Amino acid sequence: MLLTEDISISFGGLKAVEKVSLEVREGEILSLIGPNGAGKTTFFNLVSGFLKPSCGTVRFMGTDITGMSPHEIAKKGLVRTFQKTNIFAGVSVAESVKIGFHLRRKAGLLDILTHRRQSRQEDLKALERAEELLSFTSLAPWKGHLVKNIPYGKQRLLGITLALAADPKLLLLDEPATGLNTVETQELMELILKIRTEKKITVFLIEHNMNLVASISDRLVVLCNGEKLAEGLPREVSRDPQVIEAYLGRGYSRAAS
Amino acid sequence: MMRRLIQALLFLLVAAGLYVLPRFFSMDYYLHIFVMSEIYAVLALSLALIVGFTGQVSMGHAAFYGMGAYASALLSIRLGCSFWVAFWLSGLFAGCVSYVIGRLVLRLRGHVLAITTAFFCVLVTVVMNNWIAVTNGPMGITGIPRPSPLNLGLVRLVFESRVHYYYLGLFFVAGVLFILHRLVRSRLGDAMIAIRENEELATSLGIDAMKIKLLAFTLGGAIAGLAGSFYAHYILFISPVTFSMNESINMLVMIIFGGMSTLFGPILGAVALTVLPEFLRMAGEMRLVIYGVALICFIIWLPEGLWGSLRNVLLSMNEAKRMEE
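Protein chains in written order, with my numbering: chain A, -18 to 238; chain B, 8 to 332.
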């Protein structure tokens, strides 16, 4: 579904991502893990168009999307969330999801100014679907509140809700569990599984929380110092001496083997 | 249903009020203030689309206002266009220029964008002052014709006194308000607000930020151009001083005062800041000081402006009431 071939980028002399090739298969939940500074978020930025790779190609559903701008890539069905809490602070939760439906509403300037029936219906439908989506992510009780006034955990959840509104085929989640407590993390895991089974959306996520990663991922990819270190089933990867070394240091890997 | 009725009644009441207003204030002095309020209302609304809704701070709005005024004056004097043609052409002209300028400057953000648009405004004033063959320099352009009489079947509308301009201006404001009202509540309006709130997030959701910003900037510029044309054919004389940076700042102050992320706020701000200085005339030199202090107070305590703050209070009261239920 998503295929990267040898993509690289460096900032000054630092090789942030170096010749990374990987594949995300349709219907799976794939996790990208690695120590801090491994280049995981940079990799997401390269795939979603927020950064342009200096070499290599990114293919999504058979088309080359290397160097496309983020909004074009989102339009193709590859939508990402952010590691930091990125929100539309000053609007209500429902309003904010309605904004997320931008791609599914088609009215042009002329339709709007002439108040075409089609564009009015579209607006009503967007509100309706926003409500549906909010109950899907169990944010419905918060819909009337201003986004900046809802709790942090709910804001994180809203980030995912917005991305879902943009109608993704592949959803990139950048550390969705950051700052969540155990209960919220549990709920998030259930939501991610529900996104795959009910919405038929493929999920590719970066995560630090090994508990979460190991229990929901079909496969893992490990990134270290900008390079791909290992790839495989969670069970295999967690036993890989190279991975243990990257996470815990050399002594531990010897002890493990 | 009940709400619809109340809205319709309110609308009729306001319309009737505006209709009879000149009967009570029939002195030319008052009427002039009313017409200027209308022009500033249009300018403030068009600037609010760019600054308030889309979040792109422009300090160059007076440039588009001025270009509309000059285009319209020159079209009618040199080419003999009637006002009714020159009006639309000058809007088109200002819109085209703002599209080109927007293309160049809208990739900039925040302060840098504000400073760049300010320089553009200065640049336009310099051209107006020095391109004497076309603009007649600092002397300005005189002898701009009034709008020609309009034959609408049964009635013939003439534009000779200030009352006539007052009524024409009402239609102008209403038209702009109507268009912007539809726009800001639509998918494109949502996209503008998204860019104001968080451009990065908006982009990640498939919103083409450059396109939407350009739309707001171009439309805002075009409407300012229309206002310029109306001004030129009302005052009948234009000179570069009228369209200086100060005027851009004046418009910004209006939308800050009234509340820029609403449609009523800019109108309120425009009317208040056109009427208020007249009351402050007796304050003489102190006028600008009072103005400055008021502005600082607003930015600190009422950052959403008069109308914006009032609306927020009403909204939170509503929310509290709903919580109780």
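A virtual CB, placed ideally from N, CA and C, is assigned to each residue, including glycine.
All figures in this text were calculated on a predicted structure; none of them were measured in a lab.
Query: Which chain B residues sit within Cβ distance under 7 Å of His189(A)?; Result: By Cβ distance, chain B contributes nothing, its closest Cβ being about 21 Å from His189(A), past 7 Å.
Query: Name the two residues that bound the continuous beta strand (DSSP E) containing Leu(-16)(A).; Result: Leu(-17) to Phe(-8)
Query: To the nearest angstrom, how far is it from the Cα of Asn67(A) to the Cα of Leu208(B)?; Result: 6 Å
Query: Got a sec: is the Cβ-Cβ distance from Ser251(B) to anything in chain A below 8 Å?; Result: no
Query: Could you check where the alpha helix (DSSP H) with Leu28(B) kicks off and where it finishes?; Result: Met9 to Phe31
Query: Is the CB-CB distance between Leu(-16)(A) and Glu4(A) below 8 Å?; Result: yes
Query: Using 8 Å as the threshold, is the segment 181 to 195 of chain A in touch with the segment 115 to 123 of chain A, meaning 3 or more CB pairs across them?; Result: no
Query: Give a yes or no on contact between the segment 32 to 41 of chain A and the segment -14 to 2 of chain A, applying the rule of three or more CB pairs nearer than 8 Å.; Result: yes
Query: Is the Cβ-Cβ distance between Leu233(B) and Gly98(B) less than 8 Å?; Result: yes
Query: Would you give the residue range spanned by the alpha helix (DSSP H) that Asn192(A) belongs to?; Result: Met191 to Ile197
Query: Straight-line CA distance for Ala23(B) to Ile57(B)?; Result: 31 Å
Query: How long is the line joining the alpha carbons of Gln167(A) and Met191(A), rounded to whole angstroms?; Result: 13 Å
Query: Mind checking whether His96(A) and Arg194(B) have CB atoms under 8 Å apart?; Result: no
Query: When you check each C-beta in the segment 166 to 200 of chain B against every C-beta of chain A, which residues fall closer than 7 Å?; Result: Ile186, Arg189, Leu190, Ser193, Arg194, Leu195, Asp197, Ala198 and Ile200
Query: Which residues in the same chain as Ala55(B) place their Cβ atom closer than 6 Å to its Cβ, once the five residues preceding and following it in sequence are excluded?; Result: Ile262, Met267 and Pro273
Query: Here's a check: name, in chain order, each residue in its chain whose Cβ is nearer than 7 Å to the Cβ of Glu206(B), leaving out the five neighbours to either side.; Result: Ala216
Query: Does the distance from the CB of Gly125(A) to the CB of Glu165(A) come in under 8 Å?; Result: no
Query: For Gly213(B), go through chain A and note every residue whose CB falls closer than 7 Å to its CB, in chain order.; Result: His52, Ala55, Lys56, His83, Leu84 and Ala147
Query: Which of helix, strand or coil does DSSP assign to Ala211(A)?; Result: strand
Query: Please report the distance separating the alpha-carbon of Ala231(B) from that of Arg30(B).; Result: 29 Å
Query: Which residues, taken in chain order from the segment 81 to 113 of chain B, show a beta carbon closer than 8 Å to some beta carbon of chain A?; Result: none
Query: Quick check: the Cα distance between Leu59(A) and Ile225(A), rounded to an integer number of angstroms?; Result: 32 Å
Query: Relative to the C-alpha of Phe264(B), which residue among Ile303(B), Leu130(B) and Gly235(B) is closest?; Result: Ile303(B)
Query: At which residues does the alpha helix (DSSP H) containing Leu138(A) begin and terminate?; Result: Tyr133 to Ala146
Query: Cβ closer than 9 Å: which chain A residues qualify as neighbours of Glu207(B)?; Result: Phe31, Pro51, Phe63 and Asn67
Query: Could you tell me the distance, in whole angstroms, from the CA atom of Val320(B) to the CA atom of Leu313(B)?; Result: 11 Å
Query: Kindly indicate which residue of Thr159(A), Asn162(A) and Val194(A) has the alpha-carbon position closest to the one of Leu174(A).; Result: Val194(A)
Query: Between which residues of its own chain and Thr124(B) is the CB-CB distance below 7 Å, once the five residues before and five after are set aside?; Result: Ser65, Met66, Gly67 and Val112
Query: Which bits of chain A does Thr225(B) rub up against, with CB to CB less than 7 Å?; Result: Result: empty, since nearest Cβ-Cβ is about 11 Å, beyond 7 Å.
Query: What ranges does the alpha helix (DSSP H) occupy inside the segment 211 to 287 of chain B, keeping only unbroken runs of at least 4 residues that lie completely in it?; Result: 216 to 242, 252 to 265 and 271 to 286
Query: Under 8 Å between beta-carbons, which chain B residues line up against Leu143(A)? List them in chain order, please.; Result: Leu208 and Leu212
Query: Give the interface partners of Leu94(A) over in chain B, defined as CB-CB distance under 8 Å, in chain order.; Result: Ile186, Arg189 and Leu190
Query: Is Gly235(B) near Ser79(B), with beta carbons less than 8 Å apart?; Result: yes
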